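The next block holds one structure in the form of structure tokens; read it before the comments.
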Amino acid sequence: MSSENLDIAYVAKLARIALTDEEVERFGTQLGDLLGHVATLADLDLDSIPATAQVVESRNVVREDCERDSLDREKVLAGAPQRQGAFIRVPRIIGQA
Amino acid sequence: MRYEAVIGIECHVELKTASKMFCGCANRFGAEPNTLVCPVCLGMPGALPVPNAAAIEYMIRAGLAFNAAIPSFSKFDRKNYFYPDMPKNYQISQYDMPLTQGGVVRYWLEDGTLHECRLTRIHLEEDTGKSTHAGSGDGRIAGSAYSLVDFNRAGVPLMECVSEPDLRSAEEAVAFLEMLRRTLMAIGVSDVKMEEGSLRCDANVSIRPFGSESYGTKTEIKNMNSFRSVRRAIESEIARQSAMLDAGERIVQETLGWDEANGTTISMRSKELAHDYRYFPDPDLVPMEISAERVSAVRAKMPPLPIERFERYTKAYGFNIKQTAQLIDAPEIAEFFDRSVEVSKQPQQTQNFVLGDLSRLANESGIAIHQSPVSPEHLGELVALVEAKTINSKIAKELLARMWAGEGSPKAIVEREGLAQTSDPAALARFVDEVLAANAASVAEYRAGKSNVFGFLVGAVMKSSRGKADPAAVNALLRERLGG
Amino acid sequence: MATIAKSAAEIARAVNARECSAREMIDATMDRIAAVEPQVGAFLSVLERQARESADALDARIAAGERFPLAGVPLAVKDNLALDGTVTTCGSKMLERWVAPYTATAVRSMLAAGAIPVGKANMDEFAMGSSCENSALGVTRNPYDLHRVPGGSSGGSAASVAAHEAAIALGSDTGGSIREPAAFCNLVGFKPTYGRISRYGLIAFASSLDQIGPLTRSVEDAALAYDAMAGFDPMDATSVDRSVEPTAGTLREDLHGLRIGVVKQFDTHKLGADIDDVYDRALHDLEALGAEIVEVELPTADYGLATYYLIAPAECSSNLARFDGVRYGLRVDGVDVAEMNERTRAAGFGPEVKRRILIGTYALSSGYYDAYYVRAQKARTLVARDFAKAFEKCDLIAAPATSSPAFRFQSKSDPYSMYLMDYYTIPMSLAGLPALSVPCGWVTPEGGERPMPLGLQLTAPLFAERPLLAAAHAYERATMHAAKHGTEVVEVAR
Ligand SMILES: [Mg+2]
Ligand SMILES: [Zn+2]
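As you go down the protein sequences, you meet chains C, E and R in turn.
9 is the number of the first residue of the first sequence in our numbering; add one for each residue after it.
5 is the number of the first residue of the second sequence in our numbering; add one for each residue after it.
129 is the number of the first residue of the third sequence in our numbering; add one for each residue after it.
Given below as structure tokens:
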């Protein structure tokens, strides 16, 4: 576990957060420190240990395929930053696969 | 140089559940924008997903239809990436433990040959909303000024089906997709309508010299919205790659869009980062355990599969490809046919009736065969009556018309009205003698060499027997009586 | 006569008996809020009109013969819980004006029990923090010393109940966010077993850890709130489908026959002499009530923090991706969607939220997933196993809730020193165990002027909420620590 490759700009891009140069610097240092602390996990022998995604071992919690009422459209669009007619409007989408 | 194409298909199929994958909003195409949404499928803060039991059941059905393994343990993962019509900016999908693994699609080509394409997996996920790209005039994403988003489709259950690169031509790819479509329709899990987007497919295409074992560099074609465009896009891409290799150029691994209007593939290179989806198990959902008993229960309820019908019709029944496909691609009629055959035990005759007289009646009256008053069992009875020579084909036609009019069992009609064909020699002799006595002039003409009178005499006998006489026996007896 | 000094149990009894009306109770609460809010700042919004209307409606139903377990109880709701028609901010600029279009299941349950929401309580932004200082929308002060933090992230919830602006507050606890502010504000703070209370409508921080719970001035009130909220919810697939036995009627007065474990690795003799004395005294009191004190081991306790600070940010990085400026909340425009997203998130999130999103994104990213996220999940298994083993030797575990009493504003400048505040509460969260903090004594912090409360953390095995609350009640009744000190802001009844 090493944090040498912590490329904060790349991570910020993935997370879609614009950072100032100052933030890149500051978060870089802080995250580097934190990764130093969490590096203690390397002391544990975890090879044969299963991962825990959830502590309570429920299985097959599902719902029946029943239709229920949807929200009123005005309630949906009332909170939207920008609407156009019945749609939510967003700036142009640069071609993504 | 001639190259061999290597093609793999990835397709997304919307499941036709009543409600969405993780919420109770209706799963319906064509509603007013943003009316089929709720906190869950809009990814509102605090809302949580709960999986649709029917969608999971449909996945098991699909897996069984293609002979895939249904693992006993499966889970949902999050696929993280930003896209404005994906409400949570992650898609609930399945990463390393999909609901089905492996399997094979067996499909036929127009020449009747059977082929196979292995499946890698089928997994369950949620669909995204839909963006309309505006402000550029042509509705395309490139060059548009802004987009309008409708979230009605967001959260619709989606099955992603990934094939191995086992296909070798555009024809095979289309035949594979057609088989996938008819099978998914047959098992009732999807409408599989490309025009409504409930089937969407991408193709991975590479080429290599014939005989080569290694794979060439592949490209991925997207935006194909009909089987016709799948065929054209793949053919065009194979041609493009072949020309490049012939010219000594290198194929670049990239994503291409199919331009239907110009009949070419176009590069869709984006300035996006390399994808880093950061999959991890969705902590809002608990794992699924699928017991062997549950799989057996689903299996027991599976309807006949198109591939099973194909093999039965062509091998056991000896039908030709055209008839076979005609039946299979009309599943209600195939179902009607199968049930009729169970009673008649006469596939060819039954098929003649179903695709012949019965279809004609259906066409004339505008009622589908399977919704007409003629039950498949009664049709089977009718065929069996003809086959046993209890009635002749003329009576059969009359009976079919009466069955269509709602008179029910042909057997009952025959018994009630004494319509059974007469092959009793004494009765036949009586009819023949009566006719000969009543038509002395015609008999004389015949004996004088006018052999065409014979047909008239046969008809007269048939008429006086009210059609019940066996025409062959009438023929024989007349010839005997007329001396020759 | 309506008095805000009463416990929730007393209020409900009086309102059901029609000794006072819910409306009188709410009017008195609103007066109290008006009086102390300028100093305390517990709420981001006060639901004055809705509360009075709800009270009138409740009074009408009571007049018609209905009875409610929490009739007329003024309720503070942490502002990460959706309440239809109210602004629900999560303490963030991102949601500063977002009106929730639906109600969280837990809140719904409290409403059905007769509780009346009086305000949405301040919190660390998106529940990330231990002091409430990370709220982007307001400052909440500790009613026991206005120069000190109320704790976090449920800081507004804690302050509101301590200052008698509500009788019960709902909080959420991911790594200690109910227990720590409860300890800082001299309250009972109860985090039930993960999955006991539906998370539907709780704006997620870390889904596999988040749990809703009450902050109250007595164990009995905590039990009443728990009884109202616990149970399976078909809207939350991680809520547990398992019968819930009511706890309120089963509270105990002694601890005979109970084995209480003390964790060897939680050596408290390093917190400072005053604090050590308080915890030593607490163990003696438990013993005096009939409990047997036994030593247990949690060998991986020291790895809790590292495990937590990978898992929680990883989940948060994904949970908070939805705040992108498209469908709701803040939008800062850009030339294209990606730039709009980046600017919106840069402006909408505070530094702590950004830090955690970045670390979580990193921990999940290609090439690091196994080294960080998967390792942390495996370590989590060990932590849970440690507890399971410890509970073979004891019925409950006693530990400090925090390593210090409430600290002064801006005294923890480096993020990691703030993370250390959760050292004692995180392991229980990782294991999903029910745990609570109950007042256990007072210390005067160095340089401080007045005594500040400390909390004793009791932890039970999964789903053992009943014995946990019963034991906490016995301890509370025997010691009455909560009533021993106060400030002008707090003193209204005693
Ligand atoms: Mg997919
Ligand atoms: Zn929905």
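Built from N, CA and C at the ideal position, the CB exists for glycine as well.
Quick caveat: nothing in here was measured; it's all calculated off a predicted structure.
Measure the Cβ-Cβ separation of residue i and residue j and say whether it is below 8 Å.
{"i": "R:ALA140", "j": "R:LEU223", "result": "no"}
{"i": "E:MET90", "j": "E:ALA59", "result": "no"}
{"i": "R:ALA234", "j": "R:SER326", "result": "yes"}
{"i": "E:MET272", "j": "E:LEU289", "result": "no"}
{"i": "E:ASP280", "j": "R:SER541", "result": "no"}
{"i": "C:LEU7", "j": "C:PHE35", "result": "Limits of chain C in this structure are 9 at one end and 105 at the other, which puts residue 7 of chain C out of reach."}
{"i": "R:LEU564", "j": "R:LEU596", "result": "yes"}
{"i": "E:VAL108", "j": "E:ARG125", "result": "no"}
{"i": "R:ALA491", "j": "R:TYR500", "result": "yes"}
{"i": "R:THR509", "j": "C:ALA59", "result": "yes"}
{"i": "E:PRO380", "j": "E:ARG434", "result": "no"}
Specify the secondary structure class of residue i as computed by DSSP and reduced to three states.
{"i": "C:LYS83", "result": "helix"}
{"i": "E:THR394", "result": "coil"}
{"i": "E:HIS279", "result": "coil"}
{"i": "E:LYS79", "result": "coil"}
{"i": "E:LEU171", "result": "strand"}
{"i": "C:ALA61", "result": "coil"}
{"i": "R:HIS601", "result": "helix"}
{"i": "R:PHE318", "result": "strand"}
{"i": "E:ILE126", "result": "strand"}
{"i": "E:GLY50", "result": "coil"}
{"i": "R:PHE333", "result": "coil"}
{"i": "E:HIS16", "result": "strand"}
{"i": "R:MET158", "result": "helix"}
{"i": "R:ILE296", "result": "strand"}
{"i": "R:ASN447", "result": "helix"}
{"i": "R:THR214", "result": "coil"}
Looking at chain E, is there any beta carbon in it that lies within less than 8 Å of the beta carbon of residue i?
{"i": "R:ALA137", "result": "no"}
{"i": "C:ILE25", "result": "no"}
{"i": "C:ALA94", "result": "yes"}
{"i": "R:ALA265", "result": "The sequence given here has Leu at residue 265 of chain R, not Ala. Output row for R:LEU265: interface = no."}
{"i": "C:PRO89", "result": "no"}
{"i": "C:LEU49", "result": "no"}
{"i": "C:ASP15", "result": "no"}
{"i": "C:VAL98", "result": "yes"}
Could you give the C-beta distance for residue i and residue j, rounded to a whole number, given that I count them as a contact under 8 Å?
{"i": "R:VAL566", "j": "R:VAL347", "result": "7 Å"}
{"i": "E:MET63", "j": "E:LEU103", "result": "4 Å"}
{"i": "R:LEU175", "j": "R:THR214", "result": "6 Å"}
Quick one: does residue i have its CB under 8 Å from some CB of chain R?
{"i": "C:THR60", "result": "yes"}
{"i": "C:ASP41", "result": "yes"}
{"i": "E:LEU77", "result": "Checking the displayed sequence, the identity of residue 77 of chain E turns out to be Phe instead of Leu. Judged by the 8 Å Cβ criterion, E:PHE77 is not in contact with chain R."}
{"i": "E:GLY3", "result": "Any answer about residue 3 of chain E is impossible in this case: the structure gives chain E only from 5 up to 488."}
{"i": "C:SER66", "result": "yes"}
{"i": "E:PHE357", "result": "no"}
{"i": "C:THR37", "result": "no"}
Just grab the DSSP bridge partners of residue i for me.
{"i": "C:ARG95", "result": "The sequence shown places Phe at residue 95 of chain C, rather than the Arg named in the question. In the DSSP output, where bridge partners are listed per residue, C:PHE95 has C:GLN92."}
{"i": "R:MET468", "result": "R:MET468 pairs with nothing; no bridge assigned."}
{"i": "E:ALA430", "result": "BP columns for E:ALA430 are empty, so no partner."}
{"i": "R:VAL424", "result": "R:VAL391"}
{"i": "E:PHE284", "result": "E:ARG82"}
{"i": "E:TYR94", "result": "E:ASN84"}
{"i": "E:CYS205", "result": "E:CYS15 and E:MET228"}
{"i": "E:ILE270", "result": "E:GLY261"}
When you compare the CB of residue i with every CB in chain C, is at least one pair closer than 8 Å?
{"i": "E:GLU175", "result": "no"}
{"i": "E:VAL54", "result": "yes"}
{"i": "E:LYS275", "result": "Low per-residue confidence applies at E:LYS275: pLDDT is 47, beneath 50, and the placement is therefore not dependable, though the value from the model is reported in the following sentence. By this cut-off, E:LYS275 is an interface position."}
{"i": "E:LEU152", "result": "yes"}
{"i": "E:ASN266", "result": "no"}
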